[in-house]
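Numbering (our numbering), first residue to last: 709 to 1193. Heads up, the thing below is written out as C-alpha cells.
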Ligand code: AMP
C-alpha cells in the first residue's frame, strides 16, 4: 500500500539510512540554543549534552556497563530527560516505567527487566526500595567528567518499553538504537519537523508517543520543546506563546475542545496538531477542525512496531482513517485482516520472551500488530479494532469499533465503548457503555433503534450501560477488561 515505489534494494538502503548511528551521538548535538524548558527551568543543547555525558560518567563509575538495564521510574521532568539521556550516553538500556504504576505493576517490570539501578523520585522511592532494587534519585544523579562515547551500533539495545497491558501482563518490547532513530527521522519527514519548531510536550515520557516522537524528534530536528503537565489551560497558553506543534491522544483533544468552546483562542500560529494512540472519533475530528483552526493529523502506531502510519501533512486528512505508511515502512493485511508491519522501526523481539517473539512475526518477517485493518482504494489504512476485542455473539463476529462509530454519531452520546459481556444465550452480548452527553437525554431503547437502522441486527447492542466516564489508561486507551468485570 506504500505511496512510495521503493522496493528491494532501494527500500533496504532507505531503512539502513534511517537506522544509522546511535542515539547519544544523534540526539546530543551541541549548540547554544534553548532546547528544553519546563516551568522556569531551561536547558541549552550544550548543557543537555554535557550533563548527559557527566551522568553517563557517574553511572559508569557505579559499574553500569553498555547493555546493562537502568530503569527510569519517575514523573515527567527535565531531570527525567537528563537521566534518560545519561543512560543512553552510557550505552545502557533504559527501562521505561509508567510513574502511575503501583507496587505490583512496578514489581512485574523490575523483576522482568532486572535493572542494575532504578532512577526514581521521592514518591516512588519506597516502592522500589521495598522490592530490593538499588535506587538513584532522579534529581541528584552522580556525575563525573565526561567519559568517552561507548561503541554503539544501530543494533545495540536502547530501551525496553512495556506494552500497555490493557489485556494481559505487559511484555517488554526491546527497541534498539536503529528502531528509535528510524522512528524519529520518519516523524521529522512526515510532519516536516524543522529547527524552527517548538513542540508543546504534554505526553508521558515513558511511552513511545512522548519519548520516541516527542523527545527524540525534538532533539533530532534541531527545534525545541516545552514540557507541561497536560491541562487545556497549559497547552493553550504555550500554543499562543510560540508553540508550533502539539502531540496528543484523543481524550486530550476532547478536553482541549471543551476548553476552547468556553474560552476561544487564536491558534493560527500552530503548524500541526498530531493525534494518535487511540481512535479519533470522526465527530471529534470535525470539532477540532473548527476549534483549532485545522483538523488534527491522525496517526497510528504500536510500541513494538513504531508509530508508522499517518494522514498526510499536505493533502486531505480523512476522519476515521489513519493514512499512509512512513518512509521505509511496509503495511499489509494478513489473516483476519490483521495489520502487518515491516520497517526499520519494528522491534526484533520481546525481552527474554522468545515464545511471544515467535508468535509476533509472520514467516516472511512482518510484525503482527493484533489490530484489524482495512486498506482503501487510495491506499490509506483504517483501524477497525483489536482482534482480541472481537465479540463473538450468536456465532457472528462483531468488531466493537464499527459499532462505536455508529453510536458516537447519536447526539445523546458523549463517548462510548462497546464490549462483549458473557451471556448464556449469545455467548457474548454486544453491550454499549455510554457516557451520555446530557442533552438530549439518553434512552436505551432509542439508541438501540438508532443502531438497528444502521447496522445488521447481530451487531447492535443488546444493552446500554450508562457510565460517568470510561476507564482509560495513561495514553487514553479504553481499558475494556475493566468494563466487562
Ligand atoms: P501502544 O503500544 O500503547 O502504543 O498501543 C498500540 C495500540 O493502540 C495499537 O495496536 C492500536 O490498537 C491502538 N492505536 C494506536 N493509534 C491508533 C489510532 N490512530 N487509531 C486506532 N487505534 C490506535
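Positions of the beta carbon are idealized from the N, C-alpha and C atoms, including for glycine.
{"Item": "Quick one: what does DSSP say residue 710 is sitting in, helix, strand or coil?", "Value": "Interpretation of residue 710 is limited by its pLDDT of 45, a score under 50 that renders its predicted location unreliable; no figure is taken from the coordinates."}
{"Item": "Could you give the distance in angstroms between the alpha-carbon of residue 1203 and the alpha-carbon of residue 1177?", "Value": "Nothing can be reported for residue 1203: it is not among the residues displayed for the chain, which extend from 709 to 1193."}
{"Item": "So for residue 1186, helix, strand or coil by DSSP?", "Value": "strand"}
{"Item": "Once the 5 residues before and after residue 1171 are set aside, which same chain residues still bring their CB inside 6 Å of it?", "Value": "1139"}
{"Item": "Would you check if there are 3 or more beta carbon pairs closer than 8 Å linking the region 905-920 to the region 928-944?", "Value": "yes"}
{"Item": "For residue 796, count neighbouring Cβ atoms within 10 angstroms of its own Cβ and tell me buried if that reaches 16, exposed if not.", "Value": "buried"}
{"Item": "Within the present structure, is the beta-carbon of residue 809 separated from the nearest heavy atom of the ligand AMP by less than 6 Å?", "Value": "no"}
{"Item": "Closer than 6 Å to a non-hydrogen atom of the ligand AMP - does that hold for the CB of residue 868?", "Value": "no"}
{"Item": "Taking residue 824 as part of the beta strand (DSSP E), name the residues at either end of that continuous run.", "Value": "Where residue 824 is concerned, there is no enclosing beta strand (DSSP E), given that its DSSP letter is neither H nor E."}
{"Item": "Under 6 Å Cβ to Cβ from residue 1040, same chain only, skipping five residues before and after it: list those, please.", "Value": "1048"}
{"Item": "Would you mind sorting residue 929 into buried or exposed? The rule is 16 or more other CB atoms within 10 Å of its CB.", "Value": "buried"}
{"Item": "Starting from residue 1096, follow its DSSP beta bridges and name the residues at the other end.", "Value": "Partner(s): none; residue 1096 has no beta bridge."}
{"Item": "From residue 862 to residue 1192, what distance separates their C-alpha atoms?", "Value": "42 Å"}
{"Item": "Can you list, in chain order, the residues of its chain with a C-beta nearer than 7 Å to that of residue 727? Leave out the 5 residues immediately preceding and following it.", "Value": "862, 886, 889, 890 and 1052"}
{"Item": "For residue 1055, name the three-state secondary structure that DSSP assigns.", "Value": "coil"}
{"Item": "Give the list of continuous beta strand (DSSP E) stretches no shorter than 3 residues that lie fully inside the region 932-971.", "Value": "932-935 and 953-956"}
{"Item": "Once DSSP output is grouped into helix, strand and coil, what is the label at residue 1074?", "Value": "coil"}
{"Item": "Can residue 952 and residue 982 be called in contact, C-beta distance under 7 Å?", "Value": "no"}
{"Item": "Taking the straight line between their C-alpha atoms, what separation do you get for residue 765 and residue 753?", "Value": "18 Å"}
{"Item": "Is the beta carbon of residue 1151 sitting closer than 7 Å to the one on residue 1121?", "Value": "no"}
{"Item": "So, residue 1028 versus residue 1004, is the Cβ gap smaller than 7 Å?", "Value": "no"}
{"Item": "By the 10 Å Cβ neighbour count, where 16 or more other Cβ atoms means buried, how is residue 1157 classified, buried or exposed?", "Value": "exposed"}
{"Item": "Please state whether DSSP places residue 762 in a helix, a strand or coil.", "Value": "helix"}
{"Item": "Can you have a look at residue 1066 and say buried or exposed, based on whether 16 or more other CB atoms are within 10 angstroms of its CB?", "Value": "exposed"}
{"Item": "Alpha carbons only, please: which of 963, 827, 798 and 781 is nearest the one belonging to residue 808?", "Value": "781"}
{"Item": "Between 871, 1035 and 1022, which lies nearest to residue 1059 when the distance is taken from Cα to Cα?", "Value": "871"}
{"Item": "Quick check: the region 760-778 against the region 846-853, are at least 3 beta-carbon pairs closer than 8 Å?", "Value": "yes"}
{"Item": "Ends of the alpha helix (DSSP H) at residue 716?", "Value": "716-727"}
{"Item": "Would you call residue 1009 buried or exposed, if buried means 16 or more other Cβ atoms sit within 10 Å of its Cβ?", "Value": "buried"}
{"Item": "Tell me the rounded alpha-carbon separation between residue 947 and residue 1000.", "Value": "11 Å"}
{"Item": "Taking 7 Å as the threshold (C-beta atoms), are residue 772 and residue 800 in contact?", "Value": "yes"}
{"Item": "Looking only at C-alpha atoms, which of 730, 1147 and 1090 sits nearest to residue 892?", "Value": "730"}
{"Item": "So is the beta-carbon of residue 1020 under 6 Å away from any non-hydrogen atom of the ligand AMP?", "Value": "no"}
{"Item": "To the nearest angstrom, how far is the alpha carbon of residue 735 from that of residue 816?", "Value": "30 Å"}
{"Item": "Rounded to a whole number of angstroms, what is the C-alpha to C-alpha distance between residue 996 and residue 961?", "Value": "7 Å"}
{"Item": "When burial is assigned at 16 or more other CB atoms within 10 Å of the CB, is residue 1024 buried or exposed?", "Value": "exposed"}
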